[in-house]
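Colleague: Using our numbering, read the sequence shown as starting at 1006 and increasing by one per residue.
For every residue, glycine included, the Cβ atom is placed at its ideal position computed from N, Cα and C.
My structure is below; once you've seen it, I'll send some questions.
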Amino acid sequence: MKVLVSASLAIMMLVLPLAANASTPLAMVQVHVNSVLEVLRDPALKGDAMKKLRQDRIRSISEKMFDYTELSRRTLAQNWKVFNDLQKKDFIELYKTVLEKAYIDKIMDYTDEKIVFQKEFSLTGKTSEVQTIVVTKRADIPINYRVIHADDGWRVYDVVVEGVSLVSNYRSQFREILINKTPDDLLEILRKKAGKL
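This is the structure in structure tokens:
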């Protein structure tokens, strides 16, 4: 249960808009977290009647936040080169939908936890990690955002919650599938999970 709650909070922090004035990874994360919290706290968006609108806004924000190509490439790792261009395109879209379906309802269970922004540090010339803490009534949950600098600014390509990487978690699952199955088989599995069949 703790892992599920932690993962939900992590995804909640992921689906945030890209701000043009956030010139550093830490500033980007801070601006984005505050932006998504505004949506979740907005009294005009409360209640079941507004649920779809909240979901749509979060989904729209996530399109600007994630580098889904980088996220997908790192998740498939060595298997990325096994996919042809069309399969890669399908994988990116299906993976995105699977993540949204898995977490969007949990995102909206946010109950006003406090976010503490800590520090950023460089991983490579183009990537950095931003450390934050989600303070809940039961525990402090460390959430680290791994970001990459793209043409239009910083974007998140991975999130590490309590030491568990989102990319690594899914990479293990997909690697197991691809040991005995083809890329098309994996895409079929994702279509079922995404409700695309």
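State yes or no: is the C-beta of VAL1121 within less than 8 Å of the C-beta of ILE1138?
Modeller: For the purposes of this step, residue 1121 is taken as residue 116 along the sequence shown, with counting starting at 1. For the purposes of this step, residue 1138 is taken as residue 133 along the sequence shown, with counting starting at 1. Taking 8 Å as the Cβ cut-off, VAL1121 and ILE1138 qualify as a contacting pair.
Colleague: What's the C-alpha gap between VAL1034 and GLU1098?
Modeller: Numbered from 1 along the sequence shown, position 29 holds the residue referred to as residue 1034. Numbered from 1 along the sequence shown, position 93 holds the residue referred to as residue 1098. So the two alpha carbons sit approximately 24 Å from each other.
Colleague: So, does the stretch 1154–1162 touch the stretch 1027–1046, judging by three or more C-beta pairs under 8 Å?
Modeller: yes
Colleague: From the DSSP output, in three-state form, read off LYS1119 for me.
Modeller: Counted from its first residue, the sequence shown places residue 1119 at position 114. Looking at LYS1119 - three-state DSSP - the assignment turns out to be strand.
Colleague: Please list, in chain order, all residues of the same chain as ILE1063 whose beta carbon is under 8 Å from its beta carbon, the five residues on each side excluded.
Modeller: Position 58 of the sequence shown, counted from the first residue, corresponds to residue 1063. Hits under 8 Å: VAL1020, VAL1041, VAL1044, ILE1109, ILE1112 and MET1113.
Colleague: Thinking C-beta only, is ASP1072 closer than 8 Å to ARG1160?
Modeller: Translated into positions along the sequence shown, residue 1160 becomes position 155. Translated into positions along the sequence shown, residue 1072 becomes position 67. Going by C-beta atoms, ARG1160 is nearer than 8 Å to ASP1072.
Colleague: Of the residues ASP1117, GLN1136 and GLU1118, which one's Cα is nearest the Cα of PHE1126?
Modeller: Here residue 1126 refers to the residue found at position 121 when the sequence shown is read from its first residue. That would be GLN1136, whose Cα lies nearest to the Cα of PHE1126.
Colleague: Which value, in whole angstroms, describes the spacing of the CA atoms of LEU1171 and GLY1158?
Modeller: The residue given as residue 1171 occupies position 166 in the sequence shown. The residue given as residue 1158 occupies position 153 in the sequence shown. C-alpha separation (whole angstroms): 22 Å.
Colleague: Leaving out five residues before and five after SER1194 in sequence, what residues of the same chain have Cβ atoms less than 7 Å from its Cβ?
Modeller: Here residue 1194 corresponds to residue number 189 of the sequence shown, with the count starting at 1. Inspection of the sequence shows that residue 1194 is occupied by Ile rather than by Ser. Within the same chain, ILE1194 has close Cβ partners ILE1182.
Colleague: Could you give the first and the last residue of the continuous beta strand (DSSP E) run that contains SER1040?
Modeller: Position 35 of the sequence shown, counting from 1, holds the residue named residue 1040. That residue, SER1040, is in no beta strand (DSSP E); its alpha helix (DSSP H) goes 1030–1046.
Colleague: Could you work out which residue in LYS1198, ASP1189, ASN1039 and ALA1199 is closest to PHE1088 when comparing CA atoms only?
Modeller: The residue given as residue 1088 occupies position 83 in the sequence shown. Ranking the options by Cα distance to PHE1088, first place goes to ASP1189.
Colleague: Can THR1080 and PHE1179 be called in contact, C-beta distance under 8 Å?
Modeller: Indexing the sequence shown from 1 puts residue 1080 at position 75. Indexing the sequence shown from 1 puts residue 1179 at position 174. The answer is yes: Cβ separation under 8 Å.
Colleague: Closest by CA to ASN1185, which one among ASN1084, GLU1075 and LYS1198?
Modeller: Here residue 1185 corresponds to residue number 180 of the sequence shown, with the count starting at 1. ASN1185 has its Cα closest to that of ASN1084, out of ASN1084, GLU1075 and LYS1198.
Colleague: Does the Cβ of ASP1163 have 16 or more other Cβ atoms within 10 Å, making it buried, or fewer, making it exposed?
Modeller: Here residue 1163 is taken as the residue at index 158 of the sequence shown, counted from 1. Answer is buried; the Cβ neighbour count reaches 16.
Colleague: So what does DSSP say about THR1132, is it helix, strand or coil?
Modeller: Position 127 of the sequence shown, counted from the start, is the residue given in the question as residue 1132. Residue state, collapsed to three classes: strand.
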